[in-house]
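Using the UniProt record's numbering, read the sequence shown as starting at 1 and increasing by one per residue.
We treat Cβ as the ideally placed atom computed from N, Cα and C, and that holds for glycine.
Values in this document were obtained by computation on a predicted structure and should not be read as measured data.
What follows is one structure encoded as structure tokens, with my remarks underneath.
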Amino acid sequence: MSPRTPGAQLPEHPDWLWRTPDPRRSYDVVIVGGGGHGLATAHYLARNHGITDVAVLERGWLAGGNMARNTTIIRSNYLWDESAGIYEHALRLWEGLEEELDYPLLFSQRGVLNLAHSLQDVRDSVRRVEANRLNAVDAQWLDPRQVKEVCPIVNISPDARYPVMGATYQPRAGIAKHDHVAWGLARSADAAGIDLIQNCEVTGIDVTGGRVTGVRTSLGPIAAGKVALCAAGHSSVLAAMAGFELPLQSHPLQALVSELLEPVHPTVVMSNAVHVYVSQAHKGELVMGAGVDAYTAYTQRGAFHVIERQMAAALELFPVFARAHVLRTWGGIVDVTPDASPITGLAPVDQLYLNCGWGTGGFKATPGVGWVYAHTIAHDDPHPLARPFCLDRFTTGALVDEHGAAAVAH
1 MSPRTPGAQL
11 PEHPDWLWRT
21 PDPRRSYDVV
31 IVGGGGHGLA
41 TAHYLARNHG
51 ITDVAVLERG
61 WLAGGNMARN
71 TTIIRSNYLW
81 DESAGIYEHA
91 LRLWEGLEEE
101 LDYPLLFSQR
111 GVLNLAHSLQ
121 DVRDSVRRVE
131 ANRLNAVDAQ
141 WLDPRQVKEV
151 CPIVNISPDA
161 RYPVMGATYQ
171 PRAGIAKHDH
181 VAWGLARSAD
191 AAGIDLIQNC
201 EVTGIDVTGG
211 RVTGVRTSLG
221 PIAAGKVALC
231 AAGHSSVLAA
241 MAGFELPLQS
251 HPLQALVSEL
261 LEPVHPTVVM
271 SNAVHVYVSQ
281 AHKGELVMGA
291 GVDAYTAYTQ
301 RGAFHVIERQ
311 MAAALELFPV
321 FARAHVLRTW
331 GGIVDVTPDA
341 SPITGLAPVD
351 QLYLNCGWGT
361 GGFKATPGVG
371 WVYAHTIAHD
381 DPHPLARPFC
391 LDRFTTGALV
401 DEHGAAAVAH
């Protein structure tokens, strides 16, 4: 990417909400990645720790990566204590975030159903409900009739290819408008004096004596006391610049929306077995996602057969959608760890920090990540909620295996 020139045209976005500064030559903290996690980290560095000599570097436009490409589902009903802790912290922050940012996020707590289609699904789901209750996470087990009461359009016929045998239900879960979330966080960070620098690609990380000293960018070198990585699927590329490897694989993840429809779908429905999840956005379009494409890549598009199977699964669960038309499809890049849990904490290089591996669960964690990652950066010590997700768990064996609760992209 070539350096920005005076008067260069940036992609369309609400610039009036924040400044568009040129980078200074040094900052106390440089955050690499201007998506939801990077912006939330900047917001909480200022709000919770009074740290404002910060630059957020984004190689494209703010929130133009996975933040603009996800399906906006928010929930906290994960199996293990460690996961439930950080996601429930995030959900509680979501519940007050509009007021905190003084910006409309269209946060709608319409509930999330996770369907069970086999006896093993039922056993696993009931186990997760009980685990959630032990962690003070709202969770219920619903039989098929109760599923139909929550979502009247779902097909609970016993003759279905994957019959609905019940579902977990989290009433406090829901969706939010991803662009509004990014804009509210960006406006808050900018108001605190943090520089949000777009069209600024990091091309190298400077390390001297085992300590990070700055970054090289398409707009020139920037010295930094601390560097925090928030680049999702490209995190392993950045780590290689600093001289170490991460246990990550990056996969394309596809989603789509339909034409605008009248309100027909009152909640969010997810199915691990058929790998589809469906909600209806505020404007009326159906928002659908599938599992990740099997191959590893950095492309923001995927294979057609994945979308084809996704549509077949959606129509199996929702016959009423048979005549709806697809408006557009897109893809993002998800970074996945061996245990399907994130990595957040200290890097092997001093004053370099990691936040990656969120796979398909990054959006829902946005405010929680910002809170704990800002703490980690400010104190050079992982927040208690983040400590189980440090990189060293892959050498100690203390894994947090969330393949069950995170088995479908969401």
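Classify Phe304 as buried or exposed, calling it buried when 16 or more other Cβ atoms lie within 10 Å of its own Cβ.
With fewer than 16 other Cβ atoms within 10 Å, it is exposed.
What does a CB cutoff of less than 7 Å around Ala365 pick up in its chain, not counting 5 residues either side in sequence?
Only Ile86, Tyr87, Ala90 and Trp358 meet the Cβ criterion.
Counting only the same chain and skipping the five closest in sequence on each side, list residues whose C-beta sits under 8 Å from that of Ser83.
If we look at Ser83 and ignore the five residues flanking it on each side, its Cβ neighbours are Ser341, Val400, Glu402 and Ala405.
Going by alpha carbons, who is nearest to Ala176 out of Ile194, Val237 and Gln109?
Comparing Cα-Cα distances from Ala176 to each of Ile194, Val237 and Gln109, the minimum goes to Gln109.
Provide the residue span of the alpha helix (DSSP H) that contains Ile307, from first to last.
Phe304 to Leu317 is the span of the alpha helix (DSSP H), which, as asked, contains Ile307.
Identify every residue that forms a DSSP beta bridge with Arg211.
Answer is Thr208 and Asp350, bridged to Arg211.
Whether or not the stretch 176 to 189 and the stretch 96 to 106 are in contact is what I'm after, with contact meaning three or more pairs of Cβ atoms, one per stretch, closer than 8 Å; do they touch?
Counting Cβ pairs under 8 Å, three or more are found: they touch.
Following the continuous alpha helix (DSSP H) through Asp159, name the residue where it begins and the one where it ends.
From DSSP, Asp159 is part of no alpha helix (DSSP H); its letter is neither H nor E.
Can you give me the start and stop residues for the beta strand (DSSP E) that His180 sits inside?
Per DSSP, His180 belongs to no beta strand (DSSP E); it is in the alpha helix (DSSP H), His178 to Ala191.
How long is the line joining the alpha carbons of Gly174 and Thr267, rounded to whole angstroms?
Each residue's alpha carbon lies about 7 Å from the other.
Alpha carbon to alpha carbon, what distance is there between His37 and Gly302?
Each residue's alpha carbon lies about 24 Å from the other.
Give the straight-line distance between the Cα atoms of Val112 and Ile73, rounded to the nearest whole angstrom.
For Val112 and Ile73, the distance between alpha carbons rounds to 8 Å.
Assign Val292 to buried or exposed, taking buried as 16 or more other Cβ atoms, counted over all protein chains shown, within 10 Å of its Cβ.
Val292 is buried by the Cβ-count criterion.
Got a sec, what are the start and stop residues for the alpha helix (DSSP H) Lys148 sits in?
Unbroken alpha helix (DSSP H) run through Lys148: Pro144 to Val150.
For His403, which of helix, strand or coil comes out of DSSP?
The answer is coil: DSSP assigns His403 none of H, G, I, E or B.
Could you compute how far the alpha carbon of Thr5 sits from the alpha carbon of Leu219?
For Thr5, the predicted model reports a pLDDT of 42, less than 50, meaning its position is unreliable and no value from the coordinates is stated.
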